[in-house]
Structures are given as C-alpha cells and as structure tokens.
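For reference, the structure is listed below as structure tokens.
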Amino acid sequence: MIRAVIVFLCGASIVACARTESPSRSGRTTIVPGPGTLGYDFSRDGRLAFAKYVDGKSAIYVANGTGTGAKRVSFGVWDTAPIWSPDGRWIAFSRDAGGHSDAVLIPSDSGPERVFGGTSADEATVDWLPNGSGILFSRGTAKGFETWVYNIADGSSAKLFEVDGSTNSYPS
C-alpha cells in the first residue's frame, strides 16, 4: 500500500512539473548588441553613453536610453569607460594614448576634447565630484597610484593626498 502511494505521488509530481507551453521569454532587452561593449553609463535624464569596439577601434557613443539613435562623440583609437557628469553636459572617459592611458573629457553632444591627465603616466577617470565641479582621476607612479582632481571651471589639476604609497579614492 505504501509503495502504491509513493508511485502515485511520484507520477503526480512528474505530471505537475511537465511543461505544457514553451518557456516565457524574460523581460530583458539587449540595448547595445555585443560583442564589443567596453563600459557604459546612464545619465540622470536616461541617456546612455557606451564604449563600443568597431573595426579595430573603440569609441564613445551617446544614445537614447533604449540604445537607439547612437551618435559617436569621441574619435580616439581606444576610448573606454564613459562616466556622465551629474548635469549630463560632459562625459569623462579613459583613452589608450599609445603606451599609456589618458583621462579625457568631452561634451556629451560631441565637440572639442579636454585631456585632463595628459602626462606620460597611466591616468584613468574614477568618478565625478557630486556637484559636478570636477573629476577624480588616478595617476600611476613608481610608488603606486595617486588620486588627483581636475577642476572643470579653470582646467587645473591637483593631487588630493600626500602619501607614501598607493591611494584609491571615490567621492561620497
């Protein structure tokens, strides 16, 4: 009798778990078709900035939040890791500058670039200051990485800390 109940329950479980329809598609949508996306960020107003690898080069593009209407805004050879400014007017990103990397700033609708690292050291964007007045970036040295801040208004840069070693900072 117990054996019959177990067989019945197993059979009922198999029937209950059997699919009668094809599985439903998830609610996910591919916004930027791959392969080749090398960083992305959404602005506060919903626009998308992304780095895309095309024909041996990587550039920064700006698109609607759905990924449509993409427009190329940077014209380096290897531009990656875009970060929107809080007001959506600027995009900071990193660029391979032939043996080292630079930190670069560009208007979100394209236009003249500002290289705000621009030394022979490796430099990379970290993040915007919350009020949008500047950008934190890192600079490689023989002792490690230093944290620097670039001031948008006057174009100046300054090291944030004097330490013997490496720092890694993010705005709060």
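Start counting the sequence shown at 73; every next residue gets the next number (the working numbering).
Positions of the beta carbon are idealized from the N, C-alpha and C atoms, including for glycine.
What you are looking at is a predicted structure, and each value in this text was computed from that prediction instead of being measured.
- Task: Mind the definition here: the stretch 192-202 touches the stretch 125-139 only if three or more C-beta pairs lie below 8 Å; say whether that holds.
- Result: no
- Item | Own chain residues within Cβ distance below 6 Å of Glu-185, not counting five before or after | Val-176 and Ile-178
- Do you know how far the Cα of Val-198 is from the Cα of Phe-165? 9 Å
- Boundaries of the beta strand (DSSP E) in which Trp-200 is found, first to last residue: 195-200
- Item | One or two residues paired with Leu-177 in a DSSP bridge | Ala-164 and Arg-186
- What number of angstroms, rounded off, separates the C-alpha of Trp-150 from the C-alpha of Ser-130? 5 Å
- Task: Check the DSSP bridge columns for Lys-231 and list the partner residues they point to.
- Result: Trp-220
- Item | Sequence-distant residues of the same chain with beta carbon closer than 6 Å to Asp-113, five excluded per side | Ala-121, Pro-154, Ile-155 and Trp-156
- Query: What three-state label does DSSP hand Val-77 in the structure shown?
  - Reply: Residue placement at Val-77 is flagged as unreliable, the pLDDT there being 41, under the threshold of 50; the coordinate-derived value follows with that caveat. If DSSP states are grouped into helix, strand and coil, Val-77 belongs with the helices.
- Message: Between which two residues does the beta strand (DSSP E) holding Phe-147 run?
- Response: Counting along the chain, Phe-147 falls outside any beta strand (DSSP E), and DSSP gives it neither H nor E.
- Could you spell out where the beta strand (DSSP E) holding Lys-124 opens and where it closes? 120-126
- Item | Candidates Thr-109, Gly-189 and Asn-240: closest to Gly-128 by CA position | Thr-109
- Return helix, strand or coil for Ser-210, following the three-state DSSP convention. strand
- Classify Thr-152 as helix, strand or coil using the three-state DSSP reduction. strand
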